[in-house]
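Asks: I have a structure I would like to understand better, so I am pasting it below and will then ask my questions one at a time.
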Ligand code: ATP
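In my numbering, the protein residues as written are 23 to 242.
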């Protein structure tokens, strides 16, 4: 399996927020944006922004900064967001439904083209414009669709058995929102999302802030 450099991971994670900021400036009619301005907007160091953007292959012009149009294209191409990606979602519960309704995905080329659930009351219903299909038919339908990427939002207890069916059906990329460390063959890539980790960081930062305030050292 091809591996990305572990040191590139934080940069890749920051690229979507760069894209968001840059698009806002484009809407306002700007043609160029400086690394310093992006850094200010996102509370980062300018050197960090320049390093992050360099991984997309784009180089800023002295004094002017980056041409917005070219920068957007470079980031989208680097992320693979310049071409549409059909995906399926398995488990149309609260989280799955929220993801299906998340409008921002359209800007990433991510298209949830079908969803599967095993609850008879959900099968046949339409959620955010997508029909919920019977999870028992998942394997054959995914093969027929030719889809290669799946979003997994089933309860953790069903995560591995669902994954086995997905892999068998030809899925090679799984965005895993369950708590389970999935066992997959080498050629299958799993990105595990932990929604609690961002909240954990918020809590610890707030605690540290309160301690600083107690010491009269609140810099914010
Ligand atoms: P809800 O209460 O509406 O089911 P939830 O988010 O609390 O929502 P979970 O228990 O997390 O529900 O399950 C998420 C969804 O996954 C549900 O819609 C459930 O019917 C579905 N589900 C459970 N097991 C499977 C499975 N093996 N294959 C496909 N879908 C499944």
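In this text, a Cβ means the ideal position worked out from N, Cα and C, and glycines have one as well.
Cβ of residue 191 within 7 Å of Cβ of residue 164?
Replies: On the chain shown, residue 191 is found 169 positions in, with the first residue counted as 1. On the chain shown, residue 164 is found 142 positions in, with the first residue counted as 1. Yes.
Asks: Among all the DSSP beta bridges, which residues are the ones paired with residue 108?
Replies: If you number the chain shown from 1, residue 108 lands on position 86. The partner list for residue 108 (beta bridge, DSSP) reads 133.
Asks: Quick check on DSSP: helix, strand or coil for residue 148?
Replies: Taking the chain shown and counting its residues from 1, one reaches residue 148 at position 126. In the structure shown, residue 148 sits in a strand (DSSP, three-state: E or B).
Asks: So with Cβ pairs under 7 Å, would you call residue 174 a contact of chain B?
Replies: Given the protein chain composition of this structure (a single chain), no chain B is represented.
Asks: Does DSSP classify residue 231 as helix, strand or coil?
Replies: Taking the chain shown and counting its residues from 1, one reaches residue 231 at position 209. The answer is helix: DSSP assigns residue 231 an H, G or I state.
Asks: In the structure shown, what three-state DSSP assignment does residue 16 receive?
Replies: It is not possible to answer for residue 16, since the shown part of the chain is limited to 23 through 242.
Asks: At a threshold of 6 Å, does residue 180 count as lining the ligand ATP (C-beta to nearest heavy atom)?
Replies: Sequence index remark: in the chain shown, residue 180 carries index 158 (1-based). Because some heavy atom of the ligand ATP lies under 6 Å away, the Cβ of residue 180 counts as near it: yes.
Asks: Give me every residue whose Cβ sits closer than 7 Å to any heavy atom of the ligand ATP, in chain order.
Replies: Cβ-based neighbours of the ligand ATP within the cut-off: 112, 113, 114, 115, 116, 117, 118, 138, 139, 140, 141, 144, 157, 175, 176, 177, 180, 183, 184.
Asks: Rounded C-beta distance between residue 204 and residue 212? I'm assuming under 8 Å.
Replies: Position 182 of the chain shown, counted from the first residue, corresponds to residue 204. Position 190 of the chain shown, counted from the first residue, corresponds to residue 212. Yes, residue 204 and residue 212 are in contact; Cβ-Cβ is about 5 Å, under 8 Å.
Asks: Using the C-alpha atoms, what's the distance from residue 122 back to residue 115?
Replies: Residue numbering aside, residue 115 sits at position 93 when the chain shown is read from its first letter. Residue numbering aside, residue 122 sits at position 100 when the chain shown is read from its first letter. Each residue's alpha carbon lies about 10 Å from the other.
Asks: Give every residue of the same chain whose Cβ lies closer than 8 Å to the Cβ of residue 89, excluding the five residues on either side of it in the sequence, and list them in chain order.
Replies: In the chain shown, the residue the question calls residue 89 occupies position 67. The answer, listed in chain order, is 53, 54, 83.
Asks: According to DSSP, is residue 226 part of a helix, a strand, or is it coil?
Replies: Numbered from its first residue, the chain shown carries residue 226 at position 204. The answer is helix: DSSP assigns residue 226 an H, G or I state.
Asks: In whole angstroms, what is the alpha-carbon distance linking residue 230 and residue 155?
Replies: Looking up residue 230 in the chain shown gives position 208. Looking up residue 155 in the chain shown gives position 133. Their backbone Cα atoms lie some 47 Å apart in a straight line.
Asks: For residue 143, tell me which candidate among 134, 153, 135 has the shortest Cα-Cα distance.
Replies: Against the chain shown, residue 143 aligns to sequence position 121. Ranking the options by Cα distance to residue 143, first place goes to 153.
Asks: Across which residues does DSSP place residue 83 in a beta bridge pair?
Replies: Mapped onto the chain shown, residue 83 falls at position 61. In DSSP, residue 83 forms a bridge with 87.
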